[in-house]
Structure formats: structure tokens, C-alpha cells
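*Asks:* Starting off with a structure, shown below.
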Amino acid sequence: MALPLSVSCTGRVKPLDRAVLDLEHFPFTTTVTELLPEHTEDNHYAGWYKVKGTSIEVDTVYDDELSDAPKAQWIEYRSRGYSSRDELARFDDLGFNTVNLVATLSGDVILVNGVADRVNADDREALFALLDKKYGNARKTQGTFMNPFDIYTWQAADRLIKYVPLFDDTQHTLHVVADKSKGTLSGASGQSHYKGLIYIISKEYARKLVGNMHTGDLLYCDE
């Protein structure tokens with residue numbers, strides 16, 4: 001049974017391990033401790049959280065780490081591993097397996113990134129149709145990291161919504177398949193597919209963040 005969406009009628013969110021995060025109506029009054037309370041902290045590693053099959057690493061980003069007095073800019077909560085069976089967030093009918101967060105130094109969430117392991121063309125087009133109807137046609141640009149990728153951007157009053165359909169070429173990757181009923185392991189080659197990365201960005205911080213994050217899934221949040 002699917003977990004309920006985590007934005008309640010009061011506009012507050014529930015912890016990521018208790019409910020699916022509603023990205024469509026995400027309130028930028030949310031704090032990190034609401035999504036990742038103390039009970040989600042990893043018992044073995046400081047600066048890490050555990051939510052279902054997702055491991056989340058915390059890292060403070062500085063303006064110039066090589067200077068004698070670097071100035072902290074924001075804090076990133078980066079997914080370092082997740083299960084394709086989990087659904088931690090959703091935008092309308094499209095589910096996302098894991099999330100990344102960016103917060104101010106005081107703990108206010110200013111960006112949420114949902115990552116879907118596989119998104120087919122029909123689901124992607126349905127999402128685009130919904131966003132185009134609500135916010136107008138997307139602005140399409142292109143970023144580059146190893147390979148070019150498309151970026152679609154919609155603007156709302158208080159936020160930017162970006163979506164990146166990211167090609168994942170896994171045809172040469174060996175996947176291990178476990179059959180519990182038979183107690184066997186077998187190998188299978190991967191199938192190339194598109195991942196889906198959605199970014200919900202506070203407009204107040206968009207100029208500061210977009211194009212200036214350089215690690216993990218967040219680096220695809222570009223102009």
C-alpha cells in the first residue's frame with residue numbers, strides 16, 4: 001500500500017520515512033528537521049541519514065574551499081544510494097525513488113530534487129502537459145556533463161521547476177538478479193533507459209543555486 005502524501009492540510013510536511021513527499025505542493029516553509037528528524041540519523045556514521053533504502057550524506061558547500069577563510073554558502077543533503085523499489089516523493093502521478101535537498105545554514109529547505117530511476121515517454125509527456133497547462137510552455141535549454149542533456153524550466157510565482165530526462169546507458173552493465181524462491185543468483189545485462197530528475201527551487205535562491213552545484217544529481221540543475 002502506498003504511503004500518504006506528506007504535505008498535510010495544515011501545510012506541514014511529514015518525515016521522509018513516514019510519507020511520500022508531495023513535490024507539486026511543497027511548502028518552502030519546510031525545515032530539514034521536519035523531513036529528516038533525529039530518528040533518521042545513521043547510527044554508525046556521523047553526517048549521514050538513512051531513509052528506507054536511501055543513504056543521505058550531509059555536506060556544507062563553501063565559496064572557496066582553498067582560501068584561508070572560506071565562507072559557508074548552503075548545506076546539501078545528497079542521496080548516495082537508493083532502492084528502485086522505494087518511492088520517497090511524487091509530483092502528480094509520477095513517483096521518484098529518492099530525493100536530494102539543499103538548505104540554508106539555518107536549516108530551511110530551498111531546493112528539493114526528486115530522482116526517478118526509470119521514466120517512460122508517456123509518463124514524462126503527461127507530466128510536461130500538466131506543467132505546461134499550469135505554468136505555460138517550458139523553456140528548453142541544454143547542459144553538458146560528459147554528454148549533453150536537455151533541461152526544461154517552468155516558472156511559478158515563488159519557485160522554478162526544472163526537469164531533466166537523463167539517458168542512462170546501462171547495456172554494458174551486469175546486473176545480479178536474485179531468485180529467493182530458488183535460492184539462485186543470475187546475471188543479466190542492463191537496458192538503457194531514461195531517468196527523471198525534477199528540481200523544485202525557491203525563486204528567492206534560484207540565482208544563487210542554479211548552475212552552482214557540482215556534485216551528484218544536483219549538478220544537472222543548470223540554466
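Using the UniProt record's numbering, you'd call the opening residue of the sequence shown number 1 and step up by one each time.
Virtual Cβ for every residue (Gly too), placed ideally from N, Cα, C.
Please read these numbers as outputs of a predicted model, since none were measured by experiment.
Using only alpha-carbon positions, find the residue among Gly143, Pro148, Glu125 that is nearest to Asn137.
*Replies:* Among Gly143, Pro148, Glu125, the Cα nearest to that of Asn137 belongs to Glu125.
*Asks:* Opposite Lys203 in the DSSP bridges: which residues?
*Replies:* Answer is none; Lys203 lacks a bridge partner.
*Asks:* Looking only at its own chain, which residues have a Cβ that is under 6 Å from the Cβ of Ile75, when we skip the five neighbours before and after it?
*Replies:* Thr60, Ala103, listed in sequence order.
*Asks:* Identify whether His39 lies in helix, strand or coil by the three-state DSSP scheme.
*Replies:* DSSP places His39 in helix when its eight states are reduced to three.
*Asks:* Which full runs of the beta strand (DSSP E) of 3+ residues lie inside the region 52-87, going along the chain?
*Replies:* The region 52-87 contains these whole beta strand (DSSP E) runs: 54-62, 72-81.
*Asks:* Tell me the rounded alpha-carbon separation between Leu131 and Phe26.
*Replies:* Roughly 15 Å between the two C-alpha positions.
*Asks:* So which of Val32, Arg90, Tyr49 has the shortest CA-CA distance to residue 226?
*Replies:* Residue 226 falls outside the range modelled here, since the chain spans only 1 to 223, and no answer is possible.
*Asks:* As an exercise, report each continuous alpha helix (DSSP H) stretch of at least 4 residues that is fully enclosed by the region 89-157, in chain order.
*Replies:* 121-135, all fully within the region 89-157.
*Asks:* Among the residues of its own chain, which have a CB less than 6 Å from the CB of Glu87, if the five just before and after it don't count?
*Replies:* Correct list, in chain order: Val20, Gly95.
*Asks:* Please determine, among Gly114, Ala157, Ala89, the residue with the shortest C-alpha to C-alpha distance to Cys221.
*Replies:* Nearest of Gly114, Ala157, Ala89 to Cys221, Cα basis: Gly114.
*Asks:* Exposed or buried, Asn43, counting other C-beta atoms within 10 Å across all chains shown (16 or more means buried)?
*Replies:* Under this definition Asn43 is an exposed residue.
*Asks:* Leaving out five residues on either side along the sequence, give the residues of the same chain with a beta carbon under 8 Å from the beta carbon of Met1.
*Replies:* Residue placement at Met1 is flagged as unreliable, the pLDDT there being 41, under the threshold of 50; the coordinate-derived value follows with that caveat. For Met1, where only same-chain residues beyond five positions count, there are no Cβ hits under 8 Å.
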